[in-house]
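Visitor:
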Amino acid sequence: MLTSICGINWGDEGKGKMVDFLSEGYDIVCRYQGGNNAGHTVINERGKFILNLLPSGILREDVVNVLGPGMVIDIKHLTEEMGRLREKGVKIGPENLKISDRAVITMPYHVLMDCIEEERLADKKFGSTRRGIAPVYADKYMKK
Numbered sequence: 001m002l003t004s005i006c007g008i009n010w011g012d013e014g015k016g017k018m019v020d021f022l023s024e025g026y027d028i029v030c031r032y033q034g035g036n037n038a039g040h041t042v043i044n045e046r047g048k049f050i051l052n053l054l055p056s057g058i059l060r061e062d063v064v065n066v067l068g069p070g071m072v073i074d075i076k077h078l079t080e081e082m083g084r085l086r087e088k089g090v091k092i093g094p095e096n097l098k099i100s101d102r103a104v105i106t107m108p109y110h111v112l113m114d115c116i117e118e119e120r121l122a123d124k125k126f127g128s129t130r131r132g133i134a135p136v137y138a139d140k141y142m143k144k
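The UniProt record's numbering numbers the first residue of the sequence shown as 1 and each following residue consecutively.
1. Can you list the beta strand (DSSP E) stretches of 3 or more residues lying completely in the stretch 85 to 128, in chain order?
2. Between which two residues does the beta strand (DSSP E) containing residue 16 stretch?
3. I think residue 104 touches residue 136, with their Cβ atoms under 8 angstroms apart; what is that distance to the nearest whole Å?
4. Is it buried or exposed, residue 49, if we count other Cβ atoms within 10 angstroms and call 16 or more buried?
5. Considering only residues of the same chain and omitting the five flanking positions on each side of residue 63, which have a CB-CB separation below 6 angstroms?
6. State yes or no: is the C-beta of residue 132 within less than 8 angstroms of the C-beta of residue 106?
7. Identify which residue in 55, 123, 90 and 140 has its Cα closest to the Cα of residue 14.
8. Applying the criterion that 16 or more other CB atoms from any shown protein chain within 10 Å of the CB defines a buried residue, is residue 164 buried or exposed?
9. According to DSSP, simplified to helix, strand and coil, what is residue 58?
10. Among residues of its own chain, excluding the 5 on either side of residue 90, which ones have a beta-carbon nearer than 7 angstroms to its beta-carbon?
11. Taking all protein chains shown into account, do 16 or more other C-beta atoms lie within 10 angstroms of the C-beta of residue 36, making it buried, or fewer, making it exposed?
12. Does the beta-carbon distance from residue 115 to residue 102 come in below 8 angstroms?
13. Under 7 angstroms Cβ to Cβ from residue 19, same chain only, skipping five residues before and after it: list those, please.
14. Thinking C-beta only, is residue 88 closer than 8 angstroms to residue 25?
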């Protein structure tokens with residue numbers, strides 16, 4: 001069986017909570033797009049977990065988690081997120097985390113470009129999270 005959870009309300013609809021709830025009955029949880037500009041919180045018997053890049057299926061040992069080709073991945077952020085989860089006893093390794101070879105890496109200059117653009121816009125700024133998301137997607141789609 002395949003279940004798709006899609007947000008249609010510009011975020012904060014509870015997608016992560018729903019994935020956590022449903023993932024118990026699935027073998028694979030795939031996050032197909034996005035970056036670390038948003039997040040979801042899962043509270044379970046092991047505590048409170050705040051996730052930005054990793055799917056909430058990572059909290060279940062028998063679930064394979066995939067970061068898909070539409071993802072933009074800040075390696076430093078991913079490493080820190082994995083470290084926080086490992087400190088709480090979550091096992092993360094090649095057996096339960098797969099990363100698409102077509103996912104795009106967020107570079108430090110993407111973050112810098114995002115911050116510069118937000119400052120340039122001054123009172124017309126759009127509320128960037130300053131995590132480089134727009135610049136990295138621009139590079140991806142411009143094939144840079």
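No residue lacks a Cβ here, since even glycine has one placed at the ideal position from N, Cα and C.
Guide: By the coordinates alone:
1. 97 to 99, all fully within the stretch 85 to 128.
2. Numbered from its first residue, the sequence shown carries residue 16 at position 16. It is not in any beta strand (DSSP E) - residue 16 instead sits in the alpha helix (DSSP H) that spans 15 to 23.
3. Locating residue 104 in the sequence shown gives position 104, where the first residue counts as 1. Locating residue 136 in the sequence shown gives position 136, where the first residue counts as 1. Between residue 136 and residue 104 the Cβ distance is about 6 angstroms, and since that is below 8 angstroms, they are a contact.
4. For the purposes of this step, residue 49 is taken as the residue at position 49 of the sequence shown. The residue is buried, with at least 16 neighbouring Cβ atoms inside 10 Å.
5. Your numbering for residue 63 matches position 63 in the sequence shown. Hits under 6 angstroms: 23, 29 and 57.
6. Stepping through the sequence shown from its first residue, residue 132 is reached at position 132. Stepping through the sequence shown from its first residue, residue 106 is reached at position 106. Between residue 132 and residue 106, the CB-CB gap stays under 8 angstroms.
7. Residue mapping note: residue 14 aligns to position 14 of the sequence shown, counting from 1. That would be 55, whose Cα lies nearest to the Cα of residue 14.
8. Here the chain comprises residues numbered 1 to 144, so residue 164 is not present and cannot be evaluated.
9. Within the sequence shown, the letter at position 58 stands for residue 58. Looking at residue 58 - three-state DSSP - the assignment turns out to be helix.
10. The sequence position of residue 90 within the sequence shown is 90, counting from 1. 58 and 59, listed in sequence order.
11. Taking the sequence shown and counting its residues from 1, the one referred to as residue 36 is at position 36. The residue in question, residue 36, is buried, as its Cβ has 16 or more Cβ neighbours within 10 Å.
12. Here residue 115 is taken as the residue at index 115 of the sequence shown, counted from 1. Here residue 102 is taken as the residue at index 102 of the sequence shown, counted from 1. Taking C-beta atoms as the reference points, residue 115 and residue 102 fail to come closer than 8 angstroms.
13. As a first step, residue 19 must be located in the sequence shown, where it is residue number 19. Within the same chain, 5, 29, 55, 56 and 57 come within 7 angstroms of residue 19 by CB-CB distance, once the 5 residues on both sides are set aside.
14. In the sequence shown, residue 25 corresponds to position 25, counting from 1. In the sequence shown, residue 88 corresponds to position 88, counting from 1. No, Cβ-Cβ distance for residue 25 and residue 88 is not below 8 angstroms.
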